[in-house]
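With positions in the sequence shown counted from 1, the corresponding number in this note's numbering is that position plus 127. Note that CB positions come from ideal geometry on N, CA and C, so glycine has one too. Computed from a predicted structure; not experimentally measured. As structure tokens, the structure follows; a few thoughts come after it.
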Amino acid sequence: MDRWPTISDLANASLEEVNEAWAGLGYYRRARFLHEGAKSLMEKHNGMLPRTVEGLKKIPGIGDYTAGAIASIAFGIATPLVDGNVIRVLSRLRAISADPKNKLTVKLYWYFNTFFFRCFSSSSLCYFQETHRRPCGSSAFRMLQPISDGARCNP
């Protein structure tokens, strides 16, 4: 922050300078993406962060999780995220034994979490009956129920 206090300052730095400042932190790809992202923001967004998840994901180095985290923290946008805790919960609830780092499995977790998020954050689907036993008219409740031993996951 001291060396490049603004996005413009970082964008104007050379990649070598950024890598030098990053030295010792490892994973230099992040430094490159940080630099590319700053340059992209200056060129395409006048130095301002886009205020949507989709807009944020167009910046080099910003993927689904980071875009959602930025949108949530910086702009107060409610958006689903998938991290290790979500993966553990969904794996147990849906008896998913697939490799949680496999690209297709990660897509499945994003699918489930996005579905749950939309279901339970929408007032029309999130309405609970007075008994609070299950959401009205929502298949999300069935998806949240643990599946029986030996059953296969069908998203």
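Cut-off 6 Å between Cβ atoms - residues of its own chain near residue i, not counting five sequence neighbours on either side
i	result
Pro227	Ile214
Pro207	Asn240, Thr241 and Phe244
Phe160	Pro187 and Gly188
Assigned secondary structure, residue i (DSSP; H/G/I helix, E/B strand, else coil)
i	result
Ile200	helix
Met169	helix
Leu161	helix
Asn229	coil
Lys185	coil
Gly190	coil
Tyr154	coil
Arg245	helix
Trp131	coil
Close beta carbons around residue i, own chain, < 8 Å, minus the five adjacent residues each side
i	result
Met175	Leu168
Pro132	none
N-terminal and C-terminal residue of the alpha helix (DSSP H) that residue i is part of
i	result
Leu137	Ile134 to Asn139
Ala205	Element bounds for Ala205: n/a, residue is neither H nor E.
Trp149	Leu142 to Trp149
Leu176	Note, Leu176: premise wrong, no alpha helix (DSSP H); not H, not E.
Gly211	Gly211 to Arg221
Residues near residue i by beta carbon distance below 7 Å, same chain, minus five either side
i	result
Leu152	none
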